[in-house]
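K.L.:
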Amino acid sequence: MTHKTYLFDEHVKLGAKIVPFAGWDMPVQYTSVKDEVLAVRREVGVFDVSHMGEFFVEGPDAETFVDYLVTNDILNAPIGKAVYSPLCREDGTVIDDLIVYKLEKNRILICVNASNIEKDFNWIKSKHQHFNCSLINASTSYSLLALQGPKSFKVLQSLLNELSDIDYYSVIESSYLGSSVIVARTGYTGEDGFEIFANHLTIKSIWEKLMELGVTPCGLAARDVLRLEVCYPLYGHELNDEVNPYDAGLGWTVKTMKPRFVGKEALTSKTSKFKLVKLSTEKGIPREGYPVLNSRNEEIGTITSGTMSVVLNKGIAFARIKLDQYPSDEVFQIDIRQKLYSAQIIKKPFVTGGHK
Amino acid sequence: MATNIPMNLKYTKDHEWALLEGNTVTVGITDFAQSALGDIVFLEVPEIGTHLSSGSTFGVVESIKSVSDLYSPVTGEVVEKNSELEGSPEKINQDAYGSWLIKVKIKDMSEVNNLLTAEQYQEFCNTSH
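From first to last, the protein sequence lines are chains A and B.
Residue 237 in the numbering used here is what sits at position 237 of the first sequence, and the numbering runs on without skipping anything.
With positions in the second sequence counted from 1, the corresponding number in the numbering used here is that position plus 1000.
1. How big is the Cα-Cα spacing for residue 208 of chain A and residue 294 of chain A?
2. Reducing DSSP to helix, strand and coil, say where residue 238 of chain A ends up.
3. Sorted by chain position, which residues of the same chain lie with C-beta nearer than 6 angstroms to residue 144 of chain A's C-beta, five sequence neighbours on each side aside?
4. Using beta-carbon positions only, say whether residue 46 of chain A and residue 110 of chain A come within less than 9 angstroms of one another.
5. So, using beta-carbon positions, are residue 1039 of chain B and residue 1086 of chain B closer together than 9 angstroms?
6. Taking the straight line between their C-alpha atoms, what separation do you get for residue 72 of chain A and residue 123 of chain A?
7. So residue 322 of chain A and residue 274 of chain A are supposed to be a Cβ contact under 8 angstroms. How far apart are they, rounded?
8. Could you say which of A:292, A:319 and A:312 lies nearest to residue 305 of chain A if we only look at CA atoms?
9. Jot down the residue ranges of each uninterrupted beta strand (DSSP E) in the segment 20-79 of chain A, minimum 3 residues, whole runs only, in chain order.
10. Is there contact here, the segment 111-121 of chain A with the segment 275-292 of chain A, by at least three beta-carbon pairs under 8 angstroms?
11. So, residue 119 of chain A versus residue 79 of chain A, is the Cβ gap smaller than 9 angstroms?
12. If contact means a Cβ-Cβ distance below 7 angstroms, which residues of the segment 1027-1038 of chain B contact chain A?
13. Do you know how far the Cα of residue 286 of chain A is from the Cα of residue 1096 of chain B?
14. Pull up the CB-CB distance for residue 55 of chain A and residue 121 of chain A, whole angstroms please, since I reckon it's below 8 angstroms.
15. Along the segment 213-237 of chain A, what residues have a CB closer than 8 angstroms to any CB found in chain B?
16. Is the CB-CB distance between residue 93 of chain A and residue 243 of chain A below 9 angstroms?
17. Helix, strand or coil for residue 325 of chain A, going by three-state DSSP, please let me know.
18. Between which two residues does the beta strand (DSSP E) harbouring residue 114 of chain A extend?
19. Exposed or buried, residue 1001 of chain B, counting other C-beta atoms within 10 Å across all chains shown (16 or more means buried)?
20. Between residue 316 of chain A and chain B, is there a C-beta pair that is closer than 9 angstroms?
21. Would residue 1065 of chain B pass as an interface residue toward chain A - the criterion being a Cβ-Cβ separation below 9 angstroms?
22. Output, in sequence order along the chain, the residues in the segment 1037-1054 of chain B whose CB is closer than 7 angstroms to any CB in chain A.
23. What does residue 281 of chain A pair with, by DSSP beta-bridge criteria?
24. Whose Cβ in chain B lies nearer than 9 angstroms to the Cβ of residue 285 of chain A?
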């Protein structure tokens, strides 16, 4: 049985194509992927991402517990800050990637991928016994909207009058029609934008208001193109149970100077087996699973995510390359249906988002 | 889904349309197919002279998020391809029946009788998702 978000009927009314994703029936597109991507890059779009999971950690040890769980630095982040981090096992492999929101000193929200809610919660619970804090899986009580694009601040301010111009990757608590909402300046598109956590009815009111204001509803397909254009990894593709953060280019999120955290020993020795590279193609569209070859036509890796970029109008991809076979000339070819296409390695993100 | 299905064409269950003129069959994808695919960004069709058999894959059409094989409705030789369309595949979204992909010269005309009529294809679209 698949789950439906509280806004499911709204998506159907808008003519969305619905697909199963991570156990949920989700809108994949409303009108056209291209139009939805461009709405976010140029104006403003909204995604129903209520399938994602919300955990609350509350109590005197909330900060130290979450800091111990994840690889990034939570303890030194100020209250009101959001921190992106992998969640790793002792051997350094990645259980999930998530965002930690420091609401208060003793109250932390963690937002996790829909497909990993149960796995994450069981893992976190198993590490919890020596810490003085409560752990609540509130995923079924919360809906989540991502309002993204250069006009998102202006639009959201018309709903939440007291909303101040908070920094990127910050979080505040506010209220809408008398209900509390958590508003974070985060997202998965590279553009300025907000993620709004609230109870289902409040989110439905906000969604309806956004539709009235002419905000473009956007589906998961546009979301995937947007995140790939700005080179954000996706769990199940660039990240999985077999790789460590270094294998996915996330070394910057591993703070080995922290006194203790799960996976510290393994991750301090820095053993990566793979290098994640960004490739673009003039001809042919790279797709997940396509083999990547060197100049001597030897297979050295695989595409983990690939698409046609709407902004650049060319093929873009992440590829996981075996480190011991990494070509010094950085010449890459992609096998697309038994034909070899040359790919250019790109060092910066394919597209620069406009976030603050 | 309301779709445009011209009466004068024949259809396959893989959502190709076929138009028989003399011993040549013009092949494209249906309005239903273009709508299901979304924004089409890439098209690959075979070279002239390629021999195709009925039901075999003859090319690929890609939208931003997906790759779909194209299946030949008939057996024969490719005598023409729509090169213009390879440079602007989005035209298929705008006009699926005006955007032919290839023309195939066939020997066995009876093969065309095995294809779906417009009514049968409409029925097929209504019952399959």
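No residue lacks a Cβ here, since even glycine has one placed at the ideal position from N, Cα and C.
Source: prediction; values computed, not measured.
P.N.:
In terms of the structure at hand:
1. Position 208 of the first sequence, counted from the first residue, corresponds to residue 208 of chain A. Position 294 of the first sequence, counted from the first residue, corresponds to residue 294 of chain A. When rounded, the distance between both Cα atoms is 51 angstroms.
2. Numbered from its first residue, the first sequence carries residue 238 of chain A at position 238. Looking at residue 238 of chain A - three-state DSSP - the assignment turns out to be coil, as it is neither helix nor strand.
3. Residue 144 of chain A sits at position 144 when you count from the first residue of the first sequence. Excluding residues within five positions, the ones whose Cβ falls inside 6 angstroms are 49, 50, 52 and 197.
4. By one-based count along the first sequence, residue 46 of chain A stands at place 46. By one-based count along the first sequence, residue 110 of chain A stands at place 110. For residue 46 of chain A and residue 110 of chain A, no; Cβs fall outside 9 angstroms.
5. Counting from one through the second sequence, the residue named residue 1039 of chain B turns up at place 39. Counting from one through the second sequence, the residue named residue 1086 of chain B turns up at place 86. The answer is no: Cβ separation not under 9 angstroms.
6. For this step, residue 72 of chain A is matched to residue 72 along the first sequence. For this step, residue 123 of chain A is matched to residue 123 along the first sequence. Spanning the two alpha carbons is a distance of roughly 17 angstroms.
7. Translated into positions along the first sequence, residue 322 of chain A becomes position 322. Translated into positions along the first sequence, residue 274 of chain A becomes position 274. About 6 angstroms separates the two Cβ atoms, so the contact holds.
8. In the first sequence, residue 305 of chain A corresponds to position 305, counting from 1. Among A:292, A:319 and A:312, the Cα nearest to that of residue 305 of chain A is on A:319.
9. 24-29, 45-48 and 53-58
10. no
11. Position 119 of the first sequence holds residue 119 of chain A. Position 79 of the first sequence holds residue 79 of chain A. Taking 9 angstroms as the Cβ cut-off, residue 119 of chain A and residue 79 of chain A do not qualify as a contacting pair.
12. 1038
13. Here residue 1096 of chain B is taken as the residue at index 96 of the second sequence, counted from 1. Here residue 286 of chain A is taken as the residue at index 286 of the first sequence, counted from 1. One C-alpha to the other measures close to 25 angstroms.
14. Within the first sequence, numbered from 1, the residue matching residue 55 of chain A stands at position 55. Within the first sequence, numbered from 1, the residue matching residue 121 of chain A stands at position 121. Indeed, because the Cβ distance is near 7 angstroms, the residues count as touching under 8 angstroms.
15. 221, 224 and 225
16. The residue you call residue 93 of chain A lines up with position 93 of the first sequence. The residue you call residue 243 of chain A lines up with position 243 of the first sequence. Contact flag set, yes.
17. In the first sequence, residue 325 of chain A corresponds to position 325, counting from 1. DSSP places residue 325 of chain A in helix when its eight states are reduced to three.
18. In the first sequence, the residue the question calls residue 114 of chain A occupies position 114. Run containing residue 114 of chain A: none; DSSP gives neither H nor E here.
19. As a position in the second sequence, residue 1001 of chain B is number 1, starting the count at 1. The predicted model places residue 1001 of chain B with a pLDDT of 49, which falls under 50 and marks its position as unreliable; any figure quoted below should be read in that light. So residue 1001 of chain B ends up on the exposed side.
20. As a first step, residue 316 of chain A must be located in the first sequence, where it is residue number 316. No, residue 316 of chain A lies away from the interface with chain B (no Cβ there is under 9 angstroms from its Cβ).
21. Locating residue 1065 of chain B in the second sequence gives position 65, counting from the first residue. Residue-level contact by beta carbon holds for residue 1065 of chain B and chain A, with a gap shorter than 9 angstroms.
22. 1038, 1039, 1041 and 1042
23. Residue numbering aside, residue 281 of chain A sits at position 281 when the first sequence is read from its first letter. BP columns for residue 281 of chain A point to A:315.
24. For this step, residue 285 of chain A is matched to residue 285 along the first sequence. Per Cβ cutoff of 9 angstroms: 1041, 1042, 1062, 1064 and 1067.
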